[in-house]
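Following: one structure in structure tokens, then a few remarks.
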Amino acid sequence: MSLTTSVALPPATIVMTFHNEGAYAQKSLWGFQRIRDFSASFGNRVDLICVLDCAEDLTAQIVKNFVSQYGSDKDQILETSYASLAAARNTGIHHTRTEYVGFIDGDDFFSSNWVNNALQVQQQHKNQVLCMPSHVVNFGNHIAIQAIVPSRMIPKAQMMNMHYWVSSSFGPTDLFKHNPYNEKIGKQTRFAFEDWDFNLRCVSKGVNIEPVQQTYLFYRRRGNSMLQEHLQFNSFIPPSDFFLNINL
10 MSLTTSVALP PATIVMTFHN EGAYAQKSLW GFQRIRDFSA SFGNRVDLIC VLDCAEDLTA
70 QIVKNFVSQY GSDKDQILET SYASLAAARN TGIHHTRTEY VGFIDGDDFF SSNWVNNALQ
130 VQQQHKNQVL CMPSHVVNFG NHIAIQAIVP SRMIPKAQMM NMHYWVSSSF GPTDLFKHNP
190 YNEKIGKQTR FAFEDWDFNL RCVSKGVNIE PVQQTYLFYR RRGNSMLQEH LQFNSFIPPS
250 DFFLNINL
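Here it is in structure tokens:
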């Protein structure tokens, strides 16, 4: 059953973070454009915030050319030098002007119905929920298809041993503003996986994580990604309130 309807939905923002994606950034931006066009066909608006965090020249030029040619007057480009996914995402959230926001990494892309369907799920819940795609299609250095499971179906003790979700989430902007990504995560601290940490902290506050039916994240697995750097240095998630109420 499709979630797609003709009901007008509130505007939303997609924050895309860029680092050293190079030519891959162009494909991801075209993926965003498909999301925007699909939502626009139902009369709904999707804004774009591009965070260029220590972005190399080719990536930065691709992003700037795209926004110049295809962007709206509400789109933004933010240039930062954090070298931190957490700080880059927090900056994007700080500049978000819509009630709802989601993230896409600069070398990934979603099915075109992602924002439209995620917004409908948000409208169906009185309490805050964090939306995830229903499936993740991994390609590149690692090939696999992952079905995303709702948080209510997973024992909390298992959540600390495996990350069941992804970084490309979608939810109320206030949820991200009141629970910012942990900027202490990085090589110098040995703490890593800012998305895993964020998702667990949401669960600890009673926020349900919900997959959105018939939506797909196409996740490029690269050998030089920040995820691979975290794995290489045997990093681990930092302590948080989530761990205070775990029954082992």
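Take the sequence shown: its letter number 8 is residue 17 in the numbering used here, and every next letter is one higher.
From the three backbone atoms N, C-alpha and C, an ideal C-beta is built for every residue, glycine too.
Values in this document were obtained by computation on a predicted structure and should not be read as measured data.
- With respect to I113, F41 sits close: the two C-beta atoms are nearer than 8 Å.
- Listed in chain order, the beta strand (DSSP E) runs fully inside the region 141-198 are 153-156, 179-181, counting runs of at least 3 residues.
- Distances from the alpha-carbon of F252 to those of A21, A166, Q222, T224 put A166 closest.
- Bridge pairing for Y228: N147 [DSSP].
- By the C-beta density criterion, E65 is exposed, having fewer than 16 other C-beta atoms within 10 angstroms.
- Contact annotation: I102 and V175 have beta-carbon atoms that are not nearer than 8 Å.
- Per DSSP, reduced to three states, the secondary structure at N254 is helical.
- A straight line joining the alpha-carbon of V55 with that of P20 spans about 6 Å.
- Within the same chain, Cβ atoms closer than 6 Å to the Cβ of K83 are found at D56, the five residues on either side in sequence being excluded.
- By the CB criterion at 8 Å, Q137 and L184 fall inside the cutoff.
- Straight through space, the alpha carbons of I44 and G149 are spaced by roughly 22 Å.
- In this structure, the beta-carbon distance from V60 to A97 falls below 8 Å.
- S50 has its alpha-carbon roughly 42 Å from the corresponding atom of D250.
- DSSP places I102 in the uninterrupted alpha helix (DSSP H) bounded by 94-103.
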